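Chemist: The numbering of the sequence shown is my numbering, which starts it at 1084 and goes up by one. Ideal Cβ placement from N, Cα and C applies to all residues, glycine included. The model shown is predicted, which means the values in this text are computed figures rather than measured ones.
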Amino acid sequence: MLVEYVAVFCCGLVGGLAAVHKEYDLFAILVTAWLTALGGGVLRDVLLEVPPVGITDKWSVVTALVSGVAIAVLHLEVDKLKWSMLTLDALALGLFAVIGTSKAMYLGSSGMTSVFLGMATALGGGLVRDMLLNDVPMIIRDKHWYAVPSALGCVLTVFVCKGRIAGLLDAEQEIALDIVIIALIVGLRLASVIFNIKFPGAVERRTVYLPGEGRYLRRPDITPKPRDGETPKRSRWDDDGDERE
């Protein structure tokens, strides 16, 4: 639970800072911090049909609101700590990915379902935040590795949980492996930003390989044939199949 509260606080700081940049009031800052910190967990719990932590866990709600108050006061100092905030955001990404996947697994979900629910926990809060603030979601806007490290962490967490359920791992070993997975997610996220590693976009091309219109899409000539002694009328379609002015 302590680890989860740390993740909630980190996400709340990041979300509240986004509202501060928009010059919103304190209420909007608190709402944004709460949604960013707990929105992904609420989405996960609704899909799991369990009481959402974001409105039932008193200390999670308090932690999210405290992060909003803290960022409202300390936003200038926090805004200068670019790499610190980036690290906190990556840490929250890793923490929520592992927490969300583990919860789904131990509630009886399949491995694939747990991966999706883990990603919803890790990415859902930021998605709700960006939609609320009318921004392009971070998972689309940020060209560096963001969603992919969380997906990899969720997959690895599934295997760890399966090992724990099968009795191959004890509690201490599971915790140690979870910490390794979180460190991997944070490392991949920070490395992609430091070394400017991005996924490629669409293949750049200049030649279009499609059938020519004049050859394949020529319109038939349906002009009536002229009578004897009349001047033949040309069709309004030229020989290449294009309409003449």
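(1) Evaluate His1104 with the Cβ neighbour count: other Cβ atoms within 10 Å of its Cβ, from every protein chain shown; 16 or more gives buried, anything less gives exposed.
(2) Less than 8 Å between the C-beta atoms of Ser1143 and Val1136, yes or no?
(3) Considering only C-alpha positions, which residue in the set Tyr1229, Gly1209, Arg1127 is nearest to Asn1279?
(4) Can you give the beta carbon distance from Thr1139 to Arg1212, rounded, assuming they're within the 8 Å contact cut?
(5) In whole angstroms, what separates the C-alpha of Val1133 from that of Val1125?
(6) Whole angstroms are fine: how far does the CA of Thr1290 sit from the CA of Gly1324?
(7) Cβ of Cys1093 within 8 Å of Cβ of Leu1171?
(8) Would you tell me roughly how many angstroms separate the C-alpha atoms of Ser1197 and Leu1293, rounded to the nearest one?
(9) Is the beta carbon of Val1181 closer than 8 Å to that of Ile1265?
(10) Tell me whether the beta-carbon of Ala1147 lies closer than 8 Å to the beta-carbon of Ala1175.
(11) Flag this pair as yes or no: are the beta carbons of Leu1169 and Val1089 separated by less than 8 Å?
(12) Pull up the distance between the alpha-carbon of Leu1200 and that of Asp1108, whole angstroms please.
(13) Using the three-state DSSP reduction, which class does Lys1226 fall into: helix, strand or coil?
(14) Identify every run of the beta strand (DSSP E) within the region 1154 to 1213, keeping only runs that are complete inside it and at least 3 residues long; order them along the chain.
(15) Measuring alpha carbon to alpha carbon, tell me which residue in Ser1167, Gly1209, Val1129, Trp1166 is nearest Val1114.
(16) Within the continuous alpha helix (DSSP H) that includes Thr1139, where are the two ends?
(17) Taking the alpha helix (DSSP H) that Val1086 falls in, what are its first and last residues?
(18) In terms of alpha-carbon separation, which member of Lys1163, Leu1085, Gly1183 lies closest to Asp1128?
(19) Take Ile1216 as the anchor and find which of Gly1123, Gly1095, Ala1101, Arg1288 has the nearest alpha-carbon.
Modeler: In this structure, then:
(1) exposed
(2) yes
(3) When C-alpha distances from Asn1279 are compared across Tyr1229, Gly1209, Arg1127, the shortest belongs to Tyr1229.
(4) 21 Å between Cβ atoms; not a contact.
(5) 9 Å
(6) Because the pLDDT of Gly1324 is 48, which lies under 50, any placement of that residue in the model is unreliable, and the question is left without a value.
(7) yes
(8) Looking at the two C-alpha atoms, the distance is approximately 43 Å.
(9) Cβ distance < 8 Å, so Ile1265 and Val1181 count as in contact.
(10) no
(11) no
(12) 32 Å
(13) coil
(14) Entirely contained in the region 1154 to 1213, not one beta strand (DSSP E) run reaches 3 residues.
(15) Nearest of Ser1167, Gly1209, Val1129, Trp1166 to Val1114, Cα basis: Gly1209.
(16) 1136 to 1139
(17) 1085 to 1104
(18) Gly1183
(19) For the record, residue 1216 in the displayed sequence is Leu; it is not Ile. Checking every option, the nearest Cα to that of Leu1216 belongs to Ala1101.
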